[in-house]
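Asks: In UniProt numbering, the protein residues as written are 1 to 181.
Okay, handing you the structure first.
Right, here's the structure in full:
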């Protein structure tokens, strides 16, 4: 009804260290989606898209220029369905950024790199989505995209160096058994 809250969308700027597709890090304060929720009874009715579009317009930004804080699988599916965002660039924090994040980003200081990040070969760490063809109600063939969950994203997707403590424990265990033998 009138005056009923159907959802919320919280955005703000956060200081982040973000990795691009080449592995270089950038310190920046991008606009971030911190929370996005639409009540279950109002989902799949266009309310979330209307809310998201309004935010994009008010903030004068593009969907690929946003860093997303711990997105749910539903939210990732929403971003794919409405904006085609599916290639995730792995990060060491809880934020998700997509391919295109660094291209003409207003918060990124110019580093003289040009458009090197547009190269598909530099997105080797990204998760991709397969395409399928399906028939619509009007018997027209339509290309559909099935969102597949990447195995890892956010801070869990970035390269981790080998554990130093693990090496120490492994070496001390073998050293200890040699002394007792």
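Glycine is no exception: its CB is placed at the ideal position from the N, C-alpha and C atoms.
Values in this document were obtained by computation on a predicted structure and should not be read as measured data.
1. Among 22, 81, 6, which one has its Cα closest to the Cα of residue 39?
2. Considering only C-alpha positions, which residue in the set 44, 19, 85, 83 is nearest to residue 102?
3. Can you say whether residue 104 is buried or exposed, counting buried as having 16 or more other CB atoms within 10 angstroms of its CB?
4. In the DSSP output, what is residue 67 paired with across the bridge?
5. By the 10 Å Cβ neighbour count, where 16 or more other Cβ atoms means buried, how is residue 46 classified, buried or exposed?
6. Looking only at its own chain, which residues have a Cβ that is under 7 Å from the Cβ of residue 71, when we skip the five neighbours before and after it?
7. Thinking residue 83 and residue 63 are a contact (beta carbons under 8 Å), I'd like their distance in whole angstroms, please.
8. Hey, which unbroken runs of the alpha helix (DSSP H) at 4 residues or more fall wholly within the region 73-109?
9. Do you know whose CA, among 89, 60, 81, lies nearest residue 100's CA?
10. For residue 79, which of 93, 57, 61, 48 has the nearest alpha-carbon?
11. Between residue 108 and residue 13, what straight-line distance do the alpha-carbon atoms span, to the nearest angstrom?
12. Quick one: measure Cβ to Cβ for residue 8 and residue 37, integer angstroms, because I've assumed they're closer than 8 Å.
13. Please determine, among 24, 31, 41, the residue with the shortest C-alpha to C-alpha distance to residue 69.
14. Less than 8 Å between C-beta atoms, sequence neighbours within five positions excluded: which residues of the same chain meet that for residue 25?
15. Identify the residues that DSSP records as bridge partners of residue 13: which are they?
16. Hey, residue 87 and residue 98 are a contact pair by Cβ (cut 8 Å); roughly how many whole angstroms apart?
Replies: For this structure:
1. Closest option to residue 39, Cα to Cα, is 6.
2. 19
3. exposed
4. 32
5. exposed
6. 96
7. 4 Å
8. 73-83
9. 89
10. 48
11. 13 Å
12. 5 Å
13. 31
14. Excluding positions up to five away in sequence, the list reads 17, 18, 19.
15. The bridge partners DSSP lists for residue 13 are 31.
16. 6 Å
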